[in-house]
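**Student:**
This is the structure we're talking about:
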């Protein structure tokens, strides 16, 4: 009976029972003096309390212990035996104790009295059974949701862990290329890289980071790529941030920018990469487009990075994001909108 240990649940049960049994009494014709009080007390002791007891007996013992763990016929026979015993006991009590009905003209024999108590018992059995299945379903739904949350957290941690080696691999390639072309710029780039690594290794474990911090990381990455490729690619980058203290999942946007540099530079005529980010109020919009080589064997819209971020968007921003990937003969374009927290 763990459910009833909760004080709030107990109060709800008490209020419900008071309402169920008090309202019919209030609707009955008033009886004067002691007769009215005696009728109410007698009715509570011989009618209300047995029904309440049967409700909890069925909901918290018969169904959990017999229906769930024994053959169904054991439960059915037990319920029938209990109802028969309660009806018989009720008729004995009303026969042996002066009841309010004896203060009125007789309306029928013991058969009518037994039927009068049998139907409420059957109704209470139906209510208690429905109640038991209802709270069991609530418990099952809660447990399923908890398991789903644990699964999603585990999957999200795995997706985040994939970012680290993927990121390091790309950055090291950039650093090697830069050291060959402009070795004098390696030192400031390493300093800049250390800040990016700090963000990746430490702040990436945070549930959310500020939009400003995420943008700073993107700016560092784009600056590094500009140094790496120089005049080989034209990069158009614009950013507007008026999101205040809004938060975002860390390293959520970088895969699209990485993908643009991966597929937008190389055996391409007049390579161009356009990156436009706007964060205002509760919305962040990112547009990334790049020219690509149609003969490239690798699909510009595939890869671990993009699949990773799409899954993260599904987990974290399921109904709060819009993602559109489009490709024509020359351009690959990403349009992403996120509702910020």
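In my numbering, the protein residues as written are 6 to 346.
For every residue, glycine included, the Cβ atom is placed at its ideal position computed from N, Cα and C.
#1: Quick check on DSSP: helix, strand or coil for residue 245?
#2: For the alpha helix (DSSP H) containing residue 218, name the first residue and the last one.
#3: Would you kindly report the start and end of the unbroken beta strand (DSSP E) that includes residue 295?
#4: Helix, strand or coil for residue 126? Go by DSSP, reduced to three states.
#5: Out of 70, 212, 268, state which residue places its alpha-carbon closest to the alpha-carbon of residue 238.
#6: Can you tell me the Cβ-Cβ gap for residue 63 and residue 22, rounded? I've got them flagged as a contact below 8 angstroms.
#7: Name the two residues that bound the continuous beta strand (DSSP E) containing residue 332.
#8: Check whether the Cβ of residue 282 lies closer than 7 angstroms to any heavy atom of the ligand PLP, and answer yes or no.
#9: When the distance is taken between beta carbons, is residue 55 closer than 8 angstroms to residue 91?
#10: Specify the secondary structure class of residue 150 as computed by DSSP and reduced to three states.
#11: Just to check my reading of the structure: residue 282 and residue 227 have Cβ atoms closer than 8 angstroms, yes? What is that Cβ distance to the nearest angstrom?
#12: Quick one: is residue 174 buried, meaning 16 or more other Cβ sit within 10 Å of its Cβ, or exposed?
#13: Which word fits residue 108, buried or exposed, when buried means at least 16 other C-beta atoms lie within 10 angstroms of its C-beta?
#14: By a C-beta neighbour count over all protein chains shown, 10 Å radius and 16 as the cutoff for buried, is residue 42 buried or exposed?
#15: How far does the beta strand (DSSP E) with residue 341 in it reach, from first residue to last?
#16: Name the residue from 345, 207, 230 whose alpha carbon lies nearest to the alpha carbon of residue 186.
#17: Rounded to whole angstroms, how far is the Cβ of residue 335 from the Cβ of residue 296, which I believe are closer than 8 angstroms?
#18: Could you check if residue 95 is buried or exposed, using at least 16 other CB atoms within 10 Å of its CB as the buried criterion?
#19: Do you know offhand how far residue 146's Cα is from residue 138's?
#20: CB-CB under 6 angstroms to residue 199, same chain, minus the five flanking residues each way: which ones, in chain order?
#21: Is it buried or exposed, residue 75, if we count other Cβ atoms within 10 angstroms and call 16 or more buried?
#22: Should residue 257 and residue 218 be called a contact, given that it needs their Cβ atoms to be closer than 8 angstroms?
#23: On the DSSP bridge assignment, give the partners of residue 263 in chain order.
#24: Could you check the C-alpha separation between residue 341 and residue 182 for me, to the nearest Å?
#25: Given residue 83, which residues of its chain have a CB within under 7 angstroms of its CB, disregarding the five upstream and five downstream residues?
#26: Between residue 291 and residue 245, which are expected to be in contact by the criterion C-beta below 8 angstroms, what is the C-beta distance as a whole number of angstroms?
#27: With burial defined as no fewer than 16 other Cβ atoms inside 10 Å of the residue's Cβ, what is the status of residue 234: buried or exposed?
**Tutor:** In short, the structure shows the following:
#1: Locating residue 245 in the chain shown gives position 240, counting from the first residue. Of the three classes helix, strand and coil, the one that applies to residue 245 here is strand, per DSSP.
#2: For the purposes of this step, residue 218 is taken as residue 213 along the chain shown, with counting starting at 1. 216 to 234 is the extent of the alpha helix (DSSP H) around residue 218.
#3: For this step, residue 295 is matched to residue 290 along the chain shown. 288 to 296 is the extent of the beta strand (DSSP E) around residue 295.
#4: Against the chain shown, residue 126 aligns to sequence position 121. In this structure, residue 126 counts as helix in the three-state DSSP scheme.
#5: Counting from one through the chain shown, the residue named residue 238 turns up at place 233. Here the closest residue by C-alpha is 268.
#6: The residue labelled residue 63 in the question sits at position 58 within the chain shown. The residue labelled residue 22 in the question sits at position 17 within the chain shown. Actually they are not in contact, since the Cβ atoms of residue 63 and residue 22 sit about 15 angstroms apart, beyond 8 angstroms.
#7: Within the chain shown, residue 332 is the residue found at index 327, counting from 1. Start and end: 326 to 332.
#8: With respect to the ligand PLP, the structure offers nothing, as it holds no ligand at all.
#9: Position 86 of the chain shown, counting from 1, holds the residue named residue 91. Position 50 of the chain shown, counting from 1, holds the residue named residue 55. Against a cut-off of 8 angstroms, the Cβ pair of residue 55 and residue 91 comes out as a contact.
#10: As a first step, residue 150 must be located in the chain shown, where it is residue number 145. Helix, per DSSP.
#11: Taking the first residue of the chain shown as 1, we reach residue 282 at position 277. Taking the first residue of the chain shown as 1, we reach residue 227 at position 222. Contact doesn't hold; Cβ gap of about 10 angstroms is too wide.
#12: Start at 1 with the first residue of the chain shown, and residue 174 comes out as number 169. Result: exposed.
#13: For the purposes of this step, residue 108 is taken as the residue at position 103 of the chain shown. Any reading at residue 108 is ruled out, since the residue's pLDDT is 45, under 50, leaving its predicted position unreliable.
#14: The sequence position of residue 42 within the chain shown is 37, counting from 1. In this prediction, residue 42 has a pLDDT of 44, which is less than 50 and means its spatial position is unreliable; nothing more can be read from the coordinates.
#15: Along the chain shown, read from residue 1 onward, the residue named residue 341 stands at position 336. Residues 336 to 344.
#16: The residue given as residue 186 occupies position 181 in the chain shown. It is 230 whose Cα lies nearest to the Cα of residue 186.
#17: One-based indexing of the chain shown puts residue 335 at position 330. One-based indexing of the chain shown puts residue 296 at position 291. Going by Cβ atoms, the distance from residue 335 to residue 296 rounds to 6 angstroms, so yes, they are a contact pair.
#18: Here residue 95 refers to the residue found at position 90 when the chain shown is read from its first residue. Its Cβ being crowded by 16 or more others within 10 Å, residue 95 is buried.
#19: What you label residue 146 is simply residue 141 of the chain shown in a count that begins at 1. What you label residue 138 is simply residue 133 of the chain shown in a count that begins at 1. Taking the straight line joining both Cα atoms gives about 12 angstroms.
#20: Position 194 of the chain shown, counting from 1, holds the residue named residue 199. Closer than 6 angstroms at the Cβ level, and outside the excluded window around residue 199, lies no residue.
#21: For the purposes of this step, residue 75 is taken as residue 70 along the chain shown, with counting starting at 1. When all chains shown are included, residue 75 counts as exposed.
#22: Here the question's residue 257 lines up with position 252 in the chain shown. Here the question's residue 218 lines up with position 213 in the chain shown. No, they are not a contact pair.
#23: Counting from one through the chain shown, the residue named residue 263 turns up at place 258. Per DSSP, none; premise fails for residue 263.
#24: Here residue 341 refers to the residue found at position 336 when the chain shown is read from its first residue. Here residue 182 refers to the residue found at position 177 when the chain shown is read from its first residue. Their Cα atoms are separated by approximately 30 angstroms.
#25: On the chain shown, residue 83 is found 78 positions in, with the first residue counted as 1. Once the five neighbours on either side are set aside, the close Cβ partners of residue 83 are 67, 71.
#26: Here residue 291 refers to the residue found at position 286 when the chain shown is read from its first residue. Here residue 245 refers to the residue found at position 240 when the chain shown is read from its first residue. With 8 angstroms as the limit, residue 291 and residue 245 do not qualify as a contact, their Cβ atoms being about 12 angstroms apart.
#27: For the purposes of this step, residue 234 is taken as residue 229 along the chain shown, with counting starting at 1. Result: buried.
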